[in-house]
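Trainee:
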Amino acid sequence: MSKRQGAESSQDEVGVSALLTIQLDEELGGGAVQVRVVQGKEPAHLMSLFGGKPMVVYKGGTSRGGVQSEVADTRLFQVRANQAGDSRAVEVEPSSSSLNSSDVFLLVSSSTSWMWRGGSSSSAEAKGAVHLARLLQVTPTSLAEGEVEDAFWDGLGGQEDCRIPRLKNNMDAHPPRLFACSNKTGTFLVVARFLMEEVPGELMQDDLAPDDVMILDTWDQVFVWIGNEAREEEKMEAATSAVRYLESDPANRDPRIPIVTVKLGFEPPTFTGWFLGWNNEYWTE
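The sequence shown begins at 1 in UniProt numbering and counts up by one.
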C-alpha cells in the first residue's frame with residue numbers, strides 16, 4: 001500500500017493521508033505493507049503497476065481553499081523513461097527552454113497539439129507520449145528535433161536553444177549520479193574532508209539542498225553545484241572534492257574530465273537538462 005506525496009502538498013494534506021493510510025490498513029486487517037512515496041522518487045514496483053503507461057503529474061490541483069486549479073490554455077508535458085522502460089509525464093513550463101534533446105514532449109493548446117521527439121529520446125518515451133495524448137484526447141502532429149514548425153514554436157512563445165543531450169547511449173552503463181556533500185557528521189562516502197551521500201531515484205530539482213554543495217556526475221563531466229546557504233568551508237572545498245572524487249573512482253577515469261561549478265539560480269541548460277521537470281522559477285517561489 002503506497003502513500004504518495006506531491007511535491008507541493010501541504011503539511012495538512014500529508015497528515016490527512018497518514019490518517020487515511022491507518023484507516024485503510026485497519027480495513028485490510030492490519031497486514032498491509034505501507035510505503036511512503038515522494039514525488040519523483042516512485043519505486044520500480046509502483047511504476048510497474050501502470051502497465052506500461054506513463055504516470056502523469058499535472059500542475060496545480062485543488063487549492064488550499066478547496067477550489068480546483070484552472071487548466072492553462074497551453075500545456076507542455078515532459079516524458080522521460082527509466083532503464084526499465086517505465087515512463088513519467090510531468091507538466092512543465094510551456095517554454096522552448098523546457099525542451100531537451102533526450103526526452104519527448106507533448107504540447108497541447110486550445111486548437112492543436114504536437115509531439116516533439118528529442119534526437120536522443122527513446123522509443124519508450126515516444127510510447128509514453130502516445131498514451132498521454134490518448135488520455136488528453138488529442139491527436140498530435142509528430143515532430144522530430146530539427147524539423148521546423150512555426151506554429152509549434154509560437155505555442156512555446158518563440159524558439160530558444162534546446163538543452164544539450166544527456167548522452168543517452170551511455171545511460172545504461174553510466175547513469176547520472178547526484179551526491180550531497182557536507183562537512184557535517186554522518187555516514188557518507190568520505191572524499192577529501194567532505195562527507196558524500198548519493199541521492200537515490202530520478203533526479204529532481206528539490207534534491208538540491210540550498211545549505212549544501214552537490215556533485216552531479218554525468219560521466220563525461222562533473223558539476224559542482226553550490227547552494228546559497230552552504231558553509232564557507234564547504235564552498236572553498238567544493239572544487240577540490242570534485243577532483244578527489246574523480247581520483248577515487250574505481251573506473252580509472254581520465255582526471256582531465258571537465259569540472260563545472262554552478263551556483264543556485266544560475267544553472268545552465270547543460271546542468272538543468274538532467275533533472276525531470278526543472279522549473280526556472282523554483283528558487284524564487
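Ideal Cβ positions, reconstructed from N, Cα and C, are used throughout, including at glycine. The model shown is predicted, which means the values in this text are computed figures rather than measured ones.
Near G51, which residues of its chain fall below 7 Å by C-beta distance, leaving aside the five closest residues on each side in sequence?
Mentor: So the list is empty, once near-sequence residues are dropped.
Trainee: Among all the DSSP beta bridges, which residues are the ones paired with A89?
Mentor: Beta-bridge pairing links A89 to V56, V79.
Trainee: Are there three or more Cβ pairs, one per stretch, closer than 8 Å when the stretch 144–158 is compared with the stretch 239–248?
Mentor: At 8 Å Cβ cutoff, the stretches do not touch.
Trainee: Rounded to whole angstroms, what is the Cα-Cα separation between L216 and G227?
Mentor: So the alpha carbons of these two residues sit roughly 13 Å apart.
Trainee: Terminal residues of the continuous alpha helix (DSSP H) containing T270?
Mentor: Unbroken alpha helix (DSSP H) run through T270: 269–272.
Trainee: Which class does L189 belong to by DSSP, given the choice of helix, strand or coil?
Mentor: At L189 the pLDDT is 46, less than 50, meaning the model places this residue with poor confidence and gives no usable figure here.
Trainee: For the beta strand (DSSP E) that contains M204, what are its first and last residues?
Mentor: Note, M204: premise wrong, no beta strand (DSSP E); not H, not E.
Trainee: Thinking C-alpha only, which one of N100, I257, S17 is nearest G118?
Mentor: Selected option, being the one with the closest Cα: N100.
Trainee: Give the secondary structure of R244 by DSSP, where H, G and I count as helix, E and B as strand, and everything else as coil.
Mentor: Residue state, collapsed to three classes: helix.
Trainee: Taking the beta carbon of E91 as the centre, do at least 16 other beta carbons fall within 10 Å, making it buried, or is it exposed?
Mentor: So E91 ends up on the buried side.
Trainee: Using a 10 Å radius around the Cβ and a threshold of 16 neighbouring Cβ atoms, would you call G186 buried or exposed?
Mentor: Its pLDDT being 40, under 50, G186 is placed unreliably in this model, and the value from its coordinates should be taken loosely. Its Cβ having fewer than 16 others within 10 Å, G186 is exposed.
Trainee: According to DSSP, is W114 part of a helix, a strand, or is it coil?
Mentor: Strand, per DSSP.
Trainee: Looking at D212 and C181, is the spacing between their C-beta atoms short of 8 Å?
Mentor: Cβ distance < 8 Å, so C181 and D212 count as in contact.
Trainee: In chain order, what residues of the same chain lie with their CB nearer than 7 Å to the CB of A192, ignoring the 5 residues before and after it?
Mentor: Below a pLDDT of 50, predicted positions are generally treated as unreliable, and A192, at 48, falls in that range; no measurement from the model is reported.
Trainee: Short of 6 Å in beta carbon distance, which residues of its chain neighbour S109, apart from the five on each side in sequence? Order them along the chain.
Mentor: If we look at S109 and ignore the five residues flanking it on each side, its Cβ neighbours are T74, G155.
Trainee: What span of residues does the beta strand (DSSP E) with T141 cover, start to end?
Mentor: Note, T141: beta strand (DSSP E), 141–144.
Trainee: Which runs of the alpha helix (DSSP H), 4 residues or longer, sit entirely within the UniProt domain "Gelsolin-like" (5–47)?
Mentor: Taking only runs of at least 4 residues, the alpha helix (DSSP H) segments lying wholly in the UniProt domain "Gelsolin-like" (5–47) are 11–27, 44–47.
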